[in-house]
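Structure, as structure tokens:
In my numbering, the protein residues as written are -5 to 134.
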């Protein structure tokens, strides 16, 4: 079928997605709770040939509890009354999540405060301490 573009170099095939439709819960007008308008999208992250391993690992961390033990990402959308709108919304959320997983986080370089910065901090603490000590009762 058609490929869903994620980035310039990554795209996933729509055959990798499994969509099932259920009845939307909650209040609603006529017709909303009687049709299968809620969409449950399943994407097998571990078995996807389209994603590099690094992206798969970051996606697993981002997914959190939405990832099953088998490595399947499960997303649900039932906000709209239309099944088509719910399908579009859940696919957009999947694409956004994968795009976020493609961003490599910047490594933190540990730093130490300089001697001047330490001295300035301690000087400020001393001044504040003297100000507070002068707020006490006046004694002659």
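For each residue, glycine too, the CB sits at the ideal point set by N, CA and C.
Model, not experiment: these values are computed from the prediction.
Spanning the alpha carbons of residue 131 and residue 113 requires a straight line of approximately 30 Å. For residue 16, the three-state secondary structure derived from DSSP is strand. In this structure, the alpha-carbon of residue 64 lies about 17 Å from that of residue 34. Taking C-beta separations shorter than 6 Å and ignoring five residues to either side along the sequence, the partners of residue 68 in its chain run 36, 60, following chain order. Between the region 7 to 19 and the region 35 to 49 there are three or more C-beta pairs closer than 8 Å, enough to call the two in contact.
Three or more beta-carbon pairs drawn from the region 79 to 99 and the region 41 to 55 are found closer than 8 Å, and the two stretches are therefore classed as touching. Residue 128 and residue 87 have their C-alpha atoms some 59 Å from each other.
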